[in-house]
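Peer 1:
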């Protein structure tokens with residue numbers, strides 16, 4: 001999605017009555033306004049709000065005046081009026097300004113911030129519930145923070161997705177809108193947050209365990225089928241050599257020995273179902289013939305499949 005798509009997101013205004021509030025990372029937001037202005041001359045004169053009002057310019061040019069500071073607005077500009085900020089917006093006559101805008105309150109929820117990220121913003125008259133916190137939310141909670149940003153990020157995509165949900169609600173729309181609304185608040189705050197408030201410790205990702213789990217899941221999902229190392233490696237998008245080495249490092253066993261173990265463990269369970277013949281159990285566990293199945297089962301459990309069934313799965317020592 002791009003800024004051009006926002007031009008067609010005029011159903012953004014239909015979110016009124018559909019998306020009224022959301023919870024995000026321990027904060028609560030109540031949505032109060034949704035708007036979409038087409039590119040034509042307009043001006044809203046000096047005024048203030050008791051809530052946050054955010055605008056994304058998708059075309060044209062204009063000016064955002066906040067207090068004594070004048071800001072030039074162009075496509076991709078995101079600008080913010082915090083509660084109490086006296087401001088005005090004026091479109092250019094020659095290149096009319098097109099914007100989408102949204103307004104919401106923003107306050108800590110009763111459960112507090114849940115992230116565990118380092119945080120600090122000082123208590124202020126404007127935010128009496130604030131504590132010593134900083135993070136992505138500082139873009140909204142710092143009274144002296146930036147009010148103009150060129151970090152539109154995913155906002156165009158979110159606006160377009162929200163407008164699409166509002167235009168034609170279908171089953172599940174409430175859940176979708178809640179998720180999109182929370183992300184809209186998060187991305188709005190990030191656009192105006194200081195770089196130091198967005199910084200986190202480097203995230204170290206070890207994909208090894210996740211890839212091996214995917215391979216194990218592939219084995220469990222296909223126990224009745226003929227499986228090769230090639231098949232498992234392909235499911236994980238790895239070469240056979242890499243897949244086998246990684247699997248053995250993580251589990252201490254080879255892919256095929258793990259497959260045999262999983263098949264026989266499943267067989268031990270299925271044999272307790274009297275409605276299944278031993279032949280059916282063997283085939284359900286990937287064995288095309290009862291003889292190799294019985295041999296493998298006896299090698300692992302010390303008794304034949306029939307003996308296991310007659311004993312009800314109980315081992316006598």
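In UniProt numbering, the protein residues as written are 1 to 317.
We treat Cβ as the ideally placed atom computed from N, Cα and C, and that holds for glycine.
None of the values given here were measured: they were computed from a predicted structure.
#1: Residue range of the beta strand (DSSP E) that residue 39 falls in?
#2: On a CA-only basis, which of 284, 93, 67 is nearest residue 226? Give me that one, please.
#3: Have a look at residue 36 and residue 14 and give me their C-alpha separation to the nearest angstrom.
#4: Could you give the residue range of the beta strand (DSSP E) that holds residue 87?
#5: Only counting the same chain, and skipping five residues up and downstream in sequence, which positions put a Cβ closer than 8 Å to that of residue 239?
#6: Taking contact to mean 3 or more Cβ pairs, one atom from each stretch, closer than 8 Å, check whether the region 24-32 and the region 70-90 are in contact.
#7: Using the Cα positions of residue 115 and residue 137, report the straight-line distance between them to the nearest angstrom.
#8: Based on DSSP bridge pairs, tell me the residues matched to residue 80.
#9: From the DSSP output, which residues share a beta bridge with residue 256?
#10: State the beta-bridge partners of residue 101 as determined by DSSP.
#11: Using only the alpha-carbon positions, how far apart do residue 176 and residue 295 sit?
#12: Let me know if residue 129 comes out buried or exposed under the rule of 16 or more other beta-carbons within 10 Å of its beta-carbon.
#13: Does the pairing of the region 73-84 with the region 47-62 give three or more beta-carbon distances under 8 Å?
#14: Where in the region 169-206 do unbroken runs of the alpha helix (DSSP H), each at least 4 residues long, occur, reported from the N-terminal end onward?
#15: For residue 67, does the count of other Cβ atoms within 10 angstroms reach 16, so buried, or fall short, so exposed?
#16: Label residue 211 either buried or exposed according to how many other C-beta atoms from any shown protein chain fall within 10 Å of its C-beta, with 16 as the threshold for buried.
#17: Determine the contact status of residue 78 and residue 56, defining contact as a CB-CB distance below 7 Å.
#18: Residues in its own chain within less than 7 Å of residue 38 by CB, not counting five upstream and five downstream?
#19: Buried or exposed for residue 237, please, with buried defined as at least 16 other CB atoms from any protein chain shown within 10 angstroms of its CB.
#20: Nearest by alpha-carbon distance to residue 155: which of 173, 147, 190 is it?
#21: From the DSSP output, in three-state form, read off residue 240 for me.
#22: Can you give the Cα-Cα distance for residue 82 and residue 249, rounded to whole angstroms?
#23: Rounded to whole angstroms, what is the Cα-Cα separation between residue 102 and residue 21?
#24: Please identify the residue among 2, 3, 91, 54 whose C-alpha is closest to the C-alpha of residue 41.
#25: Between residue 33 and the rest of its own chain, which residues show a CB-CB distance below 6 Å, the 5 nearest in sequence each way excluded?
#26: Would a C-beta distance cut-off of 7 Å place residue 11 and residue 179 closer than the cut-off?
#27: Rank 2, 18, 279 by C-alpha distance to the C-alpha of residue 167 and give the top, closest one.
#28: Check the C-beta distance from residue 271 over to residue 292 and give it rounded, since I have them as a contact under 8 Å.
#29: Can you tell me where the beta strand (DSSP E) holding residue 303 begins and where it ends?
#30: Express the C-alpha separation of residue 65 and residue 44 in angstroms, rounding to a whole number.
#31: With burial defined as no fewer than 16 other Cβ atoms inside 10 Å of the residue's Cβ, what is the status of residue 144: buried or exposed?
#32: Is it buried or exposed, residue 52, if we count other Cβ atoms within 10 angstroms and call 16 or more buried?
Peer 2: Taking the definition as stated:
#1: By 1-based counting over the chain shown, the position of residue 39 is 39. For residue 39, there is no enclosing beta strand (DSSP E), as DSSP gives it neither H nor E.
#2: Here residue 226 corresponds to residue number 226 of the chain shown, with the count starting at 1. Just measuring C-alpha positions, the residue of 284, 93, 67 sitting nearest residue 226 is 284.
#3: Stepping through the chain shown from its first residue, residue 36 is reached at position 36. Stepping through the chain shown from its first residue, residue 14 is reached at position 14. C-alpha of residue 36 to C-alpha of residue 14: approximately 10 Å in a straight line.
#4: As a first step, residue 87 must be located in the chain shown, where it is residue number 87. For residue 87, the enclosing beta strand (DSSP E) stretches over residues 87-91.
#5: Stepping through the chain shown from its first residue, residue 239 is reached at position 239. Within the same chain, residue 239 has close Cβ partners 233.
#6: In the pairwise beta carbon analysis, the region 24-32 is classified as not touching the region 70-90: fewer than three pairs are separated by under 8 Å.
#7: In the chain shown, residue 115 corresponds to position 115, counting from 1. In the chain shown, residue 137 corresponds to position 137, counting from 1. Bear in mind that a pLDDT of 44 at residue 115, under 50, signals an unreliable position, so the number given afterwards is only what the model happens to contain. Approximately 11 Å between the Cα atoms of the pair.
#8: Here residue 80 refers to the residue found at position 80 when the chain shown is read from its first residue. For residue 80, which the question treats as bridged, DSSP gives the partners 54.
#9: Your numbering for residue 256 matches position 256 in the chain shown. Its beta-bridge partners do not exist; DSSP assigns none.
#10: In the chain shown, residue 101 corresponds to position 101, counting from 1. Residue 101 is bridged to 35, 55.
#11: Locating residue 176 in the chain shown gives position 176, where the first residue counts as 1. Locating residue 295 in the chain shown gives position 295, where the first residue counts as 1. Using only the alpha carbons, I get a separation of about 53 Å.
#12: Here residue 129 corresponds to residue number 129 of the chain shown, with the count starting at 1. Summary for residue 129: the model assigns pLDDT 42, below 50, so the residue's position carries little reliability; its value from the coordinates is reported in the next sentence. Burial call: exposed.
#13: Three or more pairs of CB atoms, one per stretch, sit closer than 8 Å, so the region 73-84 contacts the region 47-62.
#14: Listed in chain order, the complete alpha helix (DSSP H) runs (minimum 4 residues) inside the region 169-206 are 173-192, 195-198.
#15: Taking the chain shown and counting its residues from 1, one reaches residue 67 at position 67. Classification for residue 67: exposed.
#16: Taking the first residue of the chain shown as position 1, residue 211 is located at position 211. Burial call: buried.
#17: Residue mapping note: residue 78 aligns to position 78 of the chain shown, counting from 1. Residue mapping note: residue 56 aligns to position 56 of the chain shown, counting from 1. Result yes, Cβ atoms of residue 78 and residue 56 sit closer than 7 Å.
#18: Along the chain shown, one-based indexing puts residue 38 at 38. Only 98 meet the Cβ criterion.
#19: Translated into the one-based positions of the chain shown, residue 237 becomes position 237. Under this definition residue 237 is an exposed residue.
#20: Counted from its first residue, the chain shown places residue 155 at position 155. Considering only alpha carbons, the answer is 190.
#21: Residue mapping note: residue 240 aligns to position 240 of the chain shown, counting from 1. Here residue 240 sits in helix by DSSP.
#22: Position 82 of the chain shown, counted from the first residue, corresponds to residue 82. Position 249 of the chain shown, counted from the first residue, corresponds to residue 249. Whole-angstrom Cα-Cα distance: 54 Å.
#23: Numbered from 1 along the chain shown, position 102 holds the residue referred to as residue 102. Numbered from 1 along the chain shown, position 21 holds the residue referred to as residue 21. Looking at the two C-alpha atoms, the distance is approximately 12 Å.
#24: Your numbering for residue 41 matches position 41 in the chain shown. For residue 41, the closest of 2, 3, 91, 54 by C-alpha to C-alpha distance is 91.
#25: Residue mapping note: residue 33 aligns to position 33 of the chain shown, counting from 1. Cβ-Cβ distances below 6 Å link residue 33 to 103 in the same chain, with the five nearest sequence neighbours on each side left out; the list follows chain order.
#26: The count along the chain shown starts at 1 and reaches residue 11 at position 11. The count along the chain shown starts at 1 and reaches residue 179 at position 179. Residue 179 sits away from residue 11, with the two beta carbons spaced by 7 Å or more.
#27: Within the chain shown, the letter at position 167 stands for residue 167. Among 2, 18, 279, the Cα nearest to that of residue 167 belongs to 18.
#28: If you number the chain shown from 1, residue 271 lands on position 271. If you number the chain shown from 1, residue 292 lands on position 292. Contact between residue 271 and residue 292 is ruled out by a C-beta separation of about 16 Å, above the 8 Å threshold.
#29: What you label residue 303 is simply residue 303 of the chain shown in a count that begins at 1. Boundaries for residue 303: no beta strand (DSSP E) harbours it, and the DSSP string shows neither H nor E there.
#30: As a first step, residue 44 is located in the chain shown; it is residue number 44 there, counting from the start. As a first step, residue 65 is located in the chain shown; it is residue number 65 there, counting from the start. Annotation: residue 44 to residue 65 spans about 11 Å, alpha carbon to alpha carbon.
#31: If you number the chain shown from 1, residue 144 lands on position 144. Residue burial is scored here from C-beta neighbours: residue 144 has fewer than 16 other C-beta atoms within 10 angstroms and is therefore classed as exposed.
#32: The residue labelled residue 52 in the question sits at position 52 within the chain shown. Answer is buried; the Cβ neighbour count reaches 16.
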